[in-house]
Structures are given as structure tokens and as C-alpha cells.
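Protein chains in written order, with my numbering: chain D, 196 to 303; chain P, 196 to 303.
Ideal placement from N, C-alpha and C gives every residue a C-beta, glycine not left out.
Predicted, not measured: the structure shown is a model, and the values here were computed from it.
Please read the structure below before turning to the comments.
2 protein chains.
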Amino acid sequence: MGITKTIGFSEVVIEMADILKVLGHPARLSIMEYLANSPSCICNDLVEELPLAQPTISRHLSELKRVGLIQGQISGKNICYCINPKKWNKVLLHFKMITTSLSIKKQC
Amino acid sequence: MGITKTIGFSEVVIEMADILKVLGHPARLSIMEYLANSPSCICNDLVEELPLAQPTISRHLSELKRVGLIQGQISGKNICYCINPKKWNKVLLHFKMITTSLSIKKQC
DNA sequence: TTCCCATATTGCAATATTACAATATGTTTT
DNA sequence: AAAACATATTGTAATATTGCAATATGGGAA
Numbered sequence: 196m197g198i199t200k201t202i203g204f205s206e207v208v209i210e211m212a213d214i215l216k217v218l219g220h221p222a223r224l225s226i227m228e229y230l231a232n233s234p235s236c237i238c239n240d241l242v243e244e245l246p247l248a249q250p251t252i253s254r255h256l257s258e259l260k261r262v263g264l265i266q267g268q269i270s271g272k273n274i275c276y277c278i279n280p281k282k283w284n285k286v287l288l289h290f291k292m293i294t295t296s297l298s299i300k301k302q303c
Numbered sequence: 196m197g198i199t200k201t202i203g204f205s206e207v208v209i210e211m212a213d214i215l216k217v218l219g220h221p222a223r224l225s226i227m228e229y230l231a232n233s234p235s236c237i238c239n240d241l242v243e244e245l246p247l248a249q250p251t252i253s254r255h256l257s258e259l260k261r262v263g264l265i266q267g268q269i270s271g272k273n274i275c276y277c278i279n280p281k282k283w284n285k286v287l288l289h290f291k292m293i294t295t296s297l298s299i300k301k302q303c
């Protein structure tokens, strides 16, 4: 099929899985890391930074935007893309939650 | 194309993206959470727990195993699947690293 | 206005993913 | 050995994802 079944899963899991899936691509993960590190966050830098064509990068950016991981603001001719810290922390928190459960439990 | 370009990206990013992609599915994320919380970790529980058929769950388990997030040990008739804490911590660490870079940088 | 520049969108073609029925494999129980 | 159980594998059909060329859009510069 290729279609992901969502009925029977909690909303939280579905949303988190969607976010992780978006993060689960070399280009998109690189974009996140680039945005986290670079002082400026102009999109055009990415076209030179990544080994992908401009339309492809644009698509990846819009996926990141769709799940709320980044937000873009028009700044004259360019667009200033930044990480959305709230969303990012939500993901981090989810990971920490699983880690806590894991550390409590004894390994088999 | 459907094929993910990897040339031009670092090995670390490629591996991490692969792991996140695997985590980015409701069934697989649920499996990780179930394994983190349940004291036992027998696979057959999952068939009752998740809204998916047994072969589908088996496939998801093998994906999680492929990237090293879980490890399975045969225990008589059953298989005991557990989270691989080392791999999990590696992922968590990567997230924390990005978070650190993010917090240092000023938002635009 | 016309010409650039930065970014988005569209339209493919190729490949990947997902789900499940059917079947296979291997182990314990009877 | 046969039956029952747990899990894996295979085959297949439907859908999703990816990448890029071509094109569109929209702002600033000339």
C-alpha cells in the first residue's frame, strides 16, 4: 500500500512520528543543524551548502514548515528561516520521556 | 525519483537520518514506547497491542532492528525484543547537541 | 517598465514504503 | 510424530517520496 495506517494510534504518537519522519532525511536534518548553528538563516545559503537543486531544497523546507519545525519570515528579497524552539523542545521532551521510562525499567 | 541522495552528506547525518526515519512511523514509535515501558518485551504482545497485522509488525520490528534501535533474543518459542540503550542514547545526544547550538544562537 | 534575483510550484519519472494474505520456519506441547 | 503456537518471509498492489527541469511569482534594481 504505501499508506501509513493511523487509526488506532494516539494523536500524540501520530504527530510525533510525522515530525520524526520529516527529520529523517539527510537534507532536512542538515537544514535543521545548519539553522541551529548559523547566525543568519537565509535560505539561499542552503542552496550552496547542500548537494541538491534549489527546487528540491524548497520542497524540504516546506515539509519542515508543514510540521512546524521551522518558520519563515519574508525579509525583502530573501526569506529568513528559523527553527521553532517550541516545537523543537516538544520533540526533545518526548525523547527524554522515553529515555526516563527506559532507565527505570530493567533490561532483559 | 524516490531515492534519497546521500552523496555530499556526512556519515553521521546519514546514519542519524536513517534512524529518525525509522522512528518516524506511528507503529514503530509505539513499539519503542511500549518496549521502554513494559517490563517484559515479548513480540506477541505487540500483535494484540497494535492495530496492525502480525506480518506488518514483524516488518516494523526488523526495520528497528536494522538500524540498531532494538535487539532481539530468542527465548524458547518467543523472541524477547529490547531497546538498545546505547543506540538510543546516541540519538538523544544528537538531539541535545542541536538543542545546545540552538540555545546559544539568538533567534531572528 | 524591464531586468535580475530569490524562492515557490508544477509536472513528471523513478524508486521506496506500507499493508496484508499466504506461506514458511522453528519450537514447544501433546 | 502431529498439533499448536510464535515469528519471519514472500508476493503483490496501492500509495508516498524524492529529485530535478521547467516555469511561475514577487520583490528590488536599473
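Per DSSP, residue 273 of chain D is paired with what?
Bridge partners of residue 273 of chain D: D/270.
If you reduce the DSSP assignment to three classes, tell me which class residue 214 of chain D lands in.
Reduced to three states, the DSSP call for residue 214 of chain D is helix.
Closest residue to residue 277 of chain P among D/287, D/282, D/200 and D/296 (Cα-Cα distance):
Cα-wise, what sits closest to residue 277 of chain P is D/296.
Would you mind giving the Cβ-Cβ distance between residue 238 of chain P and residue 256 of chain P, rounded to the nearest angstrom? I have them listed as a contact below 8 Å.
Contact flag correct, Cβ pair sits at about 7 Å.
Buried or exposed (CB count within 10 angstroms, at least 16 for buried), residue 265 of chain D
Buried, since its Cβ has 16 or more Cβ neighbours within 10 Å.
Skipping 5 residues on each side, what residues in its chain have a beta carbon closer than 6 Å to that of residue 209 of chain D?
Once the five neighbours on either side are set aside, the close Cβ partners of residue 209 of chain D are 201.
Residue 206 of chain D: contacting residues in chain P (beta-carbon distance under 7 Å)
What residue 206 of chain D touches in chain P: nothing, since even the nearest Cβ is about 10 Å away.
Contact residues within the stretch 221-247 of chain P, judged by C-beta distance below 9 Å to chain D:
Answer in chain order: 221, 222, 223, 224, 225, 227, 228, 230, 231, 232, 233, 234, 235, 236, 245, 246 and 247.
What residues in the stretch 269-290 of chain P have a beta carbon less than 8 Å from any beta carbon of chain D?
Listed by position, the residues of the stretch 269-290 of chain P near chain D (Cβ gap below 8 Å) are 275, 277, 278, 280, 283, 284, 286, 287 and 290.
Around the C-beta of residue 248 of chain D, are 16 or more other C-beta atoms found within 10 angstroms, so that it is buried, or is it exposed?
Around the beta carbon of residue 248 of chain D, fewer than 16 other beta carbons sit within 10 angstroms, so the residue counts as exposed.
Leaving out the 5 sequence neighbours to the left and right, which residues in its chain are closer than 8 Å to residue 274 of chain P when beta-carbon positions are compared?
Taken in chain order, the residues that qualify are 237, 238, 267 and 268.
Return the Cβ separation of residue 252 of chain P and residue 259 of chain P in integer angstroms, given the expectation that the two are a contact with Cβ distance under 8 Å.
Wrong, their Cβ atoms sit about 11 Å apart, outside the cutoff.
Chain-order list of residues whose beta-carbon lies under 8 Å from that of residue 231 of chain D (same chain, five-residue window excluded):
Answer for residue 231 of chain D: 278, listed in chain order.
is_contact[residue 260 of chain P, chain D] using C-beta, thresh 9 Å
So, not an interface residue.
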